[in-house]
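Chemist: Take a look at this one; I'll ask things after.
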Amino acid sequence: MPQDSPSSQDWWQYPPWLQQVAERAKGLKVGGNLIYRRATASTNDDVRQLALKGAPEGLVVLADEQTHGRGRLGRPWLAPAESSLLLSVLFRHPLPMSETAQLTMLVGLAALESIEVTLGLRCALKWPNDVMLGDRKLGGILAETEAWGHRLRWAVVGLGLNVNVDFSSYPELQSVATSLREATGEEVDRGELLLALLRALSRRYAQLVDGASPVEEWQSRLCTLGRRVTVESSNERFSGTADFVTPEGSLFVRLDDGTRREVLAGDVKLRSQLE
Ligand code: BTN
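The letter at position 95 of the sequence shown is residue 711 when you use this note's numbering, and the numbering goes up by one with no holes.
Rendered as structure tokens:
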């Protein structure tokens with residue numbers, strides 16, 4: 617790998633909360649190479665640039681602040697400095713392109729597992745991959761891929777998790793978003809959560825490389841199915857009942873006239889979020 621694209625850092629380059637985590641993550645399949653940035657535009661952009669320079673899979677870039685954090689559907693992803701886990705992972709397993717949604721599923725499931733292991737809170741996923749606590753959003757995932765023919769060349773999967781965000785300063789978001797601090801009533805240790813996440817990701821990614829699919833578990837953790845939803849995509853909006861998801865990750869919605877629509881990408885609002 618070129619000199620200007622470090623695959624990991626020395627312990628003194630990490631902030632105190634990350635030093636032990638980086639030490640304990642050494643050797644993990646995901647996060648064994650951990651790059652920290654105090655502030656950056658977007659960790660997804662950082663990992664993409666490193667991917668283009670040949671960085672190895674499993675590389676994680678984590679930032680305490682993003683100046684141009686990106687969400688799905690071209691939205692910004694905002695998080696006060698040092699309040700969240702903001703990170704992106706590089707995957708290189710040459711999956712068929714039709715199966716790359718499995719990497720996003722894997723990151724969503726690992727996020728749920730890390731929250732459960734460290735805080736005992738059971739969260740869910742809202743299609744396609746929002747991390748939810750009750751009906752409020754706790755985190756989001758943004759995947760960007762590049763193909764080599766019909767197979768994956770690399771994927772960057774970014775996760776933003778609201779750990780210690782105080783939403784009382786954002787009244788417009790209070791009814792739709794939440795943080796782990798709000799849920800537990802206490803400041804949450806980001807280091808402990810991160811280590812649990814990297815361990816869960818490493819184990820789950822090794823299983824995927826061995827041919828095990830996360831699809832069934834992902835389906836079982838979706839809070840969307842069976843619920844009344846409104847789908848919003850770039851050019852339309854319609855309501856119905858979320859019926860089922862396919863192994864490729866698309867959602868089928870049953871409309872009131874009995875017909876079904878397949879949704880490949882878009883946003884889904886649950887009925888309670890519309891009221
Ligand atoms: C969503 O819209 O729900 C997805 C949000 C993804 C945000 C994360 S934060 C770390 C990574 N870097 C980015 O710019 N976006 C992702």
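Idealized CB from N, CA, C, for every residue including glycine.
Since the model is a prediction, treat every value here as computed from it, not as a measurement.
Would Ala881 and Val869 qualify as a contact pair, given that the criterion is a beta-carbon distance under 8 Å?
Modeler: In the sequence shown, residue 881 corresponds to position 265, counting from 1. In the sequence shown, residue 869 corresponds to position 253, counting from 1. Not in contact: Ala881 and Val869 (Cβ atoms no closer than 8 Å).
Chemist: Expressed to the nearest angstrom, what Euclidean distance is found between the alpha-carbon atoms of Asn778 and Gly801?
Modeler: Counting from 1 along the sequence shown, the entry for residue 778 is found at position 162. Counting from 1 along the sequence shown, the entry for residue 801 is found at position 185. The alpha-carbon atoms of Asn778 and Gly801 are separated by roughly 14 Å.
Chemist: Compute the Euclidean distance between the alpha carbons of Gln823 and Ile757, then round it to the nearest angstrom.
Modeler: Translated into positions along the sequence shown, residue 823 becomes position 207. Translated into positions along the sequence shown, residue 757 becomes position 141. Their backbone Cα atoms lie some 20 Å apart in a straight line.
Chemist: Should Gln636 be counted as a contact of the ligand BTN given a C-beta to heavy atom distance under 7 Å?
Modeler: Residue mapping note: residue 636 aligns to position 20 of the sequence shown, counting from 1. Checking the Cβ of Gln636 against the ligand BTN gives no.
Chemist: Let me know if Trp628 comes out buried or exposed under the rule of 16 or more other beta-carbons within 10 Å of its beta-carbon.
Modeler: The residue you call residue 628 lines up with position 12 of the sequence shown. Looking at its Cβ environment, which holds fewer than 16 other Cβ atoms inside 10 Å, Trp628 is exposed.
Chemist: Please tell me whether Leu675 and Leu644 are closer than 8 Å, where the distance is taken between their beta carbons.
Modeler: Counting from 1 along the sequence shown, the entry for residue 675 is found at position 59. Counting from 1 along the sequence shown, the entry for residue 644 is found at position 28. It is not a contact, given that the beta carbons lie outside the stated cut-off.
Chemist: Could I get the ranges of all uninterrupted beta strand (DSSP E) runs contained in the stretch 650 to 715, with 3 residues as the minimum, in chain order?
Modeler: Whole beta strand (DSSP E) segments, 3+ residues: 650 to 653, 676 to 679, 700 to 707.
Chemist: Per DSSP, what kind of secondary structure is Gly827 in: helix, strand or coil?
Modeler: Within the sequence shown, numbered from 1, the residue matching residue 827 stands at position 211. It is coil, neither helix nor strand.
Chemist: If Cys739 and Leu722 are in contact, beta carbons under 8 Å, what's the gap, nearest whole angstrom?
Modeler: Walking along the sequence shown from the start, residue 739 turns up at place 123. Walking along the sequence shown from the start, residue 722 turns up at place 106. No, Cys739 and Leu722 are not in contact; Cβ-Cβ is about 16 Å, not under 8 Å.
Chemist: I need the DSSP call for Thr840, collapsed to helix, strand or coil.
Modeler: Residue mapping note: residue 840 aligns to position 224 of the sequence shown, counting from 1. Reduced to three states, the DSSP call for Thr840 is coil.
Chemist: Quick check on the burial criterion: 16 or more other C-beta atoms within 10 angstroms. Buried or exposed for Glu852?
Modeler: By one-based count along the sequence shown, residue 852 stands at place 236. Exposed, since its Cβ has fewer than 16 Cβ neighbours within 10 Å.
Chemist: Which partner residues does Thr846 have in the DSSP bridge list?
Modeler: Start at 1 with the first residue of the sequence shown, and residue 846 comes out as number 230. Per DSSP, Ser855, Lys885.
Chemist: Less than 7 Å separating the Cβ of Ile651 from some heavy atom of the ligand BTN?
Modeler: Position 35 of the sequence shown, counted from the first residue, corresponds to residue 651. Ile651 Cβ: outside cutoff for every heavy atom of the ligand BTN.
Chemist: May I ask you to report which of helix, strand or coil DSSP gives Trp770?
Modeler: As a working mapping, residue 770 is identified with position 154 in the sequence shown. If DSSP states are grouped into helix, strand and coil, Trp770 belongs with the strands.
Chemist: Between which residues of its own chain and Arg820 is the CB-CB distance below 7 Å, once the five residues before and five after are set aside?
Modeler: Locating residue 820 in the sequence shown gives position 204, where the first residue counts as 1. Closer than 7 Å at the Cβ level, and outside the excluded window around Arg820, lie Leu722, Leu725, Ala726, Pro830.
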